[in-house]
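K.L.:
All letters in the sequence shown, in the order written, are residues 225 to 620 by the working numbering. After the structure tokens below, expect a handful of questions from me.
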Amino acid sequence: MSDYKRSALFCVFKQHGLENPLADHNITSACRITGNSPSAIAVIEIVGPDAKTWLDRNWKPNHGSGKLQLDTIRYGQIIAEAIVGESVIVCRTGPERYEVHCHGGKIASQMLLQSMQNQGIQIQSPQAWVAANEQDPFIAQATMALTQATTLRTAKILLDQQQGAFSRALANIDKAIQKGDFTLAMQLADQIRTWDRLGQHLIEPFDILVCGPPNVGKSSLLNRILGYQRAIVHQQAGTTRDLLSEISSIDGWPVRLTDSAGIRATCDAIESIGVQRAVAASRSSDLQLILVDPIEGWTGQHQQLLDEKPTQSLIVITKSDIADCPMPDLSHAHRLSGPSVQVSAVSGNGIPELLSEISKRLVPVVPESGQAITFTDSQRQALEDRYQRSGKYTSV
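What follows is the structure in structure tokens.
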């Protein structure tokens, strides 16, 4: 293993409370390697010199001796006092490495782990377990990130990385550098860097702010997108006085939708704080939906919001269900932010088109299967180091 990879691995270990698992082979550890949710079967893996000792003391096979052949399953029962009678399957998967398959409820696996801990076996988190058993730090990071993925679409991208997409891409850049083809190395790095924004949101959701003047339909639109009544809707202006957020997904991308106070000048101290927070949220959002009432039209408050993020704004004309409603003049705004979408939070008209446009704004191009994408600071730094190293030679 290279010094770079060893250093990167130790950074992963440190994050999860492991001192030096690569060097210490005298520690016996265990971890539930299946999900924490109740299921039919749970699997606990035990690794180390005392793993067989624990089995000899606490497990009795239904037939024959306790000798375990490699990759052969054995049926038996736990004879430890706290969980006596629990039927389990035991399989030896390697030297000093065993799997115990038990009932999938939380209690059974928790009591088994507690019995192991009481007899000196270290219990590890799934994240630490992955880090200790994977030599490639970037694959270890992807494996851990997969446990935090909230949508199938992001999970597929992370699975590509877990199967080595980024590691292979980095190896190709290193080969180009070793051959002296620094232009190719920079091109390969640049191609990966184009996905930086998406990589930052494979786990952390995109922030979408629903904003505009009071009574323009912000809370109604939030509720319509979410599919339930999350925000209070009332005809009185200033009903929403603080930021109200909810996690969801749009077209398979994780999003945090935030309703905000109506942007206006106000003498109400509490509402004024809400307006200030709305403006601050506008600056930090990945995309802001600027809602326009077709009757009131484009106002100074709209322009204030658009000026904050002209290229990360989507103009949404609300209340399209109102008959004979005039269309406001948005030609100036369109030149800055692109075309608008017309919707009705009451009838649902235009909502599919709105969601489609949001998806395009967040992820204009969807990566192909197997595309290398960075999603941690250490990965971005590894890529940047190679880019800078190649740039020094191409500029000579």
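From the three backbone atoms N, C-alpha and C, an ideal C-beta is built for every residue, glycine too.
In whole angstroms, what is the alpha-carbon distance linking G441 and R377?
P.N.:
Here residue 441 refers to the residue found at position 217 of the sequence shown. Here residue 377 refers to the residue found at position 153 of the sequence shown. Taking the straight line joining both Cα atoms gives about 30 Å.
K.L.:
Going straight from the alpha carbon of D483 to that of H526, what length do you get?
P.N.:
As a working note, residue 483 is residue 259 in the sequence shown. As a working note, residue 526 is residue 302 in the sequence shown. Taking the straight line from one Cα to the other gives about 16 Å.
K.L.:
Of all the beta strand (DSSP E) runs that stay within the bounds of the segment 535-559, which reach a length of 3 or more residues?
P.N.:
537-541
K.L.:
E323 CB to nearest chain B CB: under 8 Å?
P.N.:
Included in the structure is just one protein chain, with no chain B present.
K.L.:
Could you say which of W522, D517 and H556 lies nearest to T542 if we only look at CA atoms?
P.N.:
Mapped onto the sequence shown, residue 542 falls at position 318. Ranking the options by Cα distance to T542, first place goes to D517.
K.L.:
Apart from the five residues just before and just after A569, which ones in its own chain have a Cβ nearer than 6 Å to its Cβ?
P.N.:
As a position in the sequence shown, residue 569 is number 345, starting the count at 1. Once the five neighbours on either side are set aside, the close Cβ partners of A569 are G441, S444, L445 and R448.
K.L.:
Just to confirm my understanding: we take W353, look at its own chain, exclude 5 residues before and 5 after, and list those with CB closer than 8 Å. What are they?
P.N.:
On the sequence shown, position 129 is the one that residue 353 refers to. The answer, listed in chain order, is S253, C255, I257 and E269.
K.L.:
Quick check: T374 and P478, are their CB atoms within less than 8 Å of each other?
P.N.:
For the purposes of this step, residue 374 is taken as the residue at position 150 of the sequence shown. For the purposes of this step, residue 478 is taken as the residue at position 254 of the sequence shown. It is a contact, given that the beta carbons lie within the stated cut-off.
K.L.:
Nearest by alpha-carbon distance to E310: which of E358, L383 and L336 is it?
P.N.:
As a working note, residue 310 is residue 86 in the sequence shown. Measuring from the Cα of E310, the nearest candidate turns out to be L336.
K.L.:
Buried or exposed: P588, going by 16 or more other Cβ atoms within 10 Å of its Cβ?
P.N.:
To locate residue 588, count along the sequence shown from 1; it is residue 364. Exposed is the call here.
K.L.:
Beta carbon of A409, beta carbon of I416: below 8 Å?
P.N.:
One-based indexing of the sequence shown puts residue 409 at position 185. One-based indexing of the sequence shown puts residue 416 at position 192. Taking 8 Å as the cut-off, the Cβ atoms of A409 and I416 do not count as close.
K.L.:
Helix, strand or coil for Q512, going by three-state DSSP, please let me know.
P.N.:
To locate residue 512, count along the sequence shown from 1; it is residue 288. DSSP places Q512 in strand when its eight states are reduced to three.
K.L.:
Compute the beta-carbon to beta-carbon distance between L382 and A395, rounded to the nearest angstrom, for a pair I have assumed lies under 8 Å.
P.N.:
Translated into positions along the sequence shown, residue 382 becomes position 158. Translated into positions along the sequence shown, residue 395 becomes position 171. Contact flag wrong, Cβ pair sits at about 19 Å.
K.L.:
Give the single residue among T277, E428, F406 and A413 whose Cα lies nearest to the Cα of F390.
P.N.:
On the sequence shown, position 166 is the one that residue 390 refers to. Considering only alpha carbons, the answer is A413.
K.L.:
Can you check which of these residues, T277, A306 and Q365, is closest to L292 by C-alpha distance?
P.N.:
Reading the sequence shown from its first residue, position 68 is the one you call residue 292. Comparing Cα-Cα distances from L292 to each of T277, A306 and Q365, the minimum goes to T277.
K.L.:
Alpha carbon to alpha carbon, how far is S349 from G318?
P.N.:
As a position in the sequence shown, residue 349 is number 125, starting the count at 1. As a position in the sequence shown, residue 318 is number 94, starting the count at 1. Spanning the two alpha carbons is a distance of roughly 21 Å.
K.L.:
With distances taken between CB atoms, is the gap from G594 to D384 smaller than 8 Å?
P.N.:
Translated into positions along the sequence shown, residue 594 becomes position 370. Translated into positions along the sequence shown, residue 384 becomes position 160. It is a contact, given that the beta carbons lie within the stated cut-off.
K.L.:
Could you give the DSSP three-state label for N439: helix, strand or coil?
P.N.:
Residue mapping note: residue 439 aligns to position 215 of the sequence shown, counting from 1. The answer is coil: DSSP assigns N439 none of H, G, I, E or B.
K.L.:
Could you tell me whether the Cβ atoms of L538 and V565 are closer together than 8 Å?
P.N.:
Sequence index remark: in the sequence shown, residue 538 carries index 314 (1-based). Sequence index remark: in the sequence shown, residue 565 carries index 341 (1-based). It is a contact, given that the beta carbons lie within the stated cut-off.
K.L.:
Spatial neighbours of V347 within its chain, please: C-beta separation below 6 Å, excluding the five flanking residues on both sides.
P.N.:
Here residue 347 is taken as the residue at index 123 of the sequence shown, counted from 1. The sequence given here places Ile at residue 347; Val does not occur at that position. Once the five neighbours on either side are set aside, the close Cβ partners of I347 are A254, L337 and Q341.
K.L.:
Along the chain, where does the alpha helix (DSSP H) that runs through P576 open and close?
P.N.:
Walking along the sequence shown from the start, residue 576 turns up at place 352. According to the DSSP assignment, P576 belongs to the alpha helix (DSSP H) that extends over I575 to L586.
K.L.:
Tell me whether I331 sits in a helix, a strand or coil according to DSSP, three-state version.
P.N.:
Within the sequence shown, the letter at position 107 stands for residue 331. Note: I331 maps to helix in three-state DSSP.
K.L.:
Over what stretch of residues does the beta strand (DSSP E) that includes T375 continue unbroken?
P.N.:
Translated into positions along the sequence shown, residue 375 becomes position 151. No beta strand (DSSP E) contains T375, which DSSP labels as neither H nor E.
K.L.:
Only counting the same chain, and skipping five residues up and downstream in sequence, which positions put a Cβ closer than 7 Å to that of A264?
P.N.:
Within the sequence shown, numbered from 1, the residue matching residue 264 stands at position 40. For A264, where only same-chain residues beyond five positions count, the Cβ hits under 7 Å are G328.
K.L.:
Please specify which runs of the alpha helix (DSSP H), each continuous and at least 4 residues long, are wholly inside the segment 268-303, giving them in chain order.
P.N.:
275-282
K.L.:
Check the C-beta distance from I302 over to N282 and give it rounded, since I have them as a contact under 8 Å.
P.N.:
What you label residue 302 is simply residue 78 of the sequence shown in a count that begins at 1. What you label residue 282 is simply residue 58 of the sequence shown in a count that begins at 1. Indeed, because the Cβ distance is near 6 Å, the residues count as touching under 8 Å.
K.L.:
For S473, which residues does DSSP report across the bridge?
P.N.:
Here residue 473 refers to the residue found at position 249 when the sequence shown is read from its first residue. Answer by DSSP bridge pairing, in chain order: P478.
K.L.:
Check whether the Cβ atoms of S506 and K533 sit closer than 8 Å, and answer yes or no.
P.N.:
Residue mapping note: residue 506 aligns to position 282 of the sequence shown, counting from 1. Residue mapping note: residue 533 aligns to position 309 of the sequence shown, counting from 1. Yes, they are a contact pair.
K.L.:
Helix, strand or coil for V354 per DSSP?
P.N.:
Indexing the sequence shown from 1 puts residue 354 at position 130. Three-state result, V354: helix.
K.L.:
So, V324 versus V314, is the Cβ gap smaller than 8 Å?
P.N.:
Along the sequence shown, read from residue 1 onward, the residue named residue 324 stands at position 100. Along the sequence shown, read from residue 1 onward, the residue named residue 314 stands at position 90. Yes, the Cβ-Cβ distance between V324 and V314 is below 8 Å.
K.L.:
What separation, rounded to the nearest whole angstrom, lies between the Cα atoms of G476 and A366?
P.N.:
As a working mapping, residue 476 is identified with position 252 in the sequence shown. As a working mapping, residue 366 is identified with position 142 in the sequence shown. Separation of G476 and A366 (C-alpha to C-alpha, rounded to the nearest whole angstrom) is 19 Å.
K.L.:
Does G318 come out as helix, strand or coil in the three-state DSSP assignment?
P.N.:
Translated into positions along the sequence shown, residue 318 becomes position 94. Correct three-state label for G318: strand.
K.L.:
Judging by CA-CA distance, which residue of Q386, A332, L481 and A379 is the nearest neighbour of A355?
P.N.:
Position 131 of the sequence shown, counted from the start, is the residue given in the question as residue 355. Looking at the Cα atoms, Q386 is the closest of the given residues.
K.L.:
For S391, report the span of its alpha helix (DSSP H) as first-last.
P.N.:
To locate residue 391, count along the sequence shown from 1; it is residue 167. Where S391 is concerned, the enclosing alpha helix (DSSP H) stretches over A389 to Q402.
K.L.:
Taking all protein chains shown into account, decide if G423 is buried (16 or more other Cβ within 10 angstroms of its Cβ) or exposed.
P.N.:
On the sequence shown, position 199 is the one that residue 423 refers to. By the beta-carbon neighbour count (other beta carbons within 10 angstroms, threshold 16), G423 is buried.
K.L.:
Measuring CB to CB, does A195 end up less than 8 Å from S339?
P.N.:
The question about residue 195 has no answer here: the residues shown for the chain are numbered 225 through 620.
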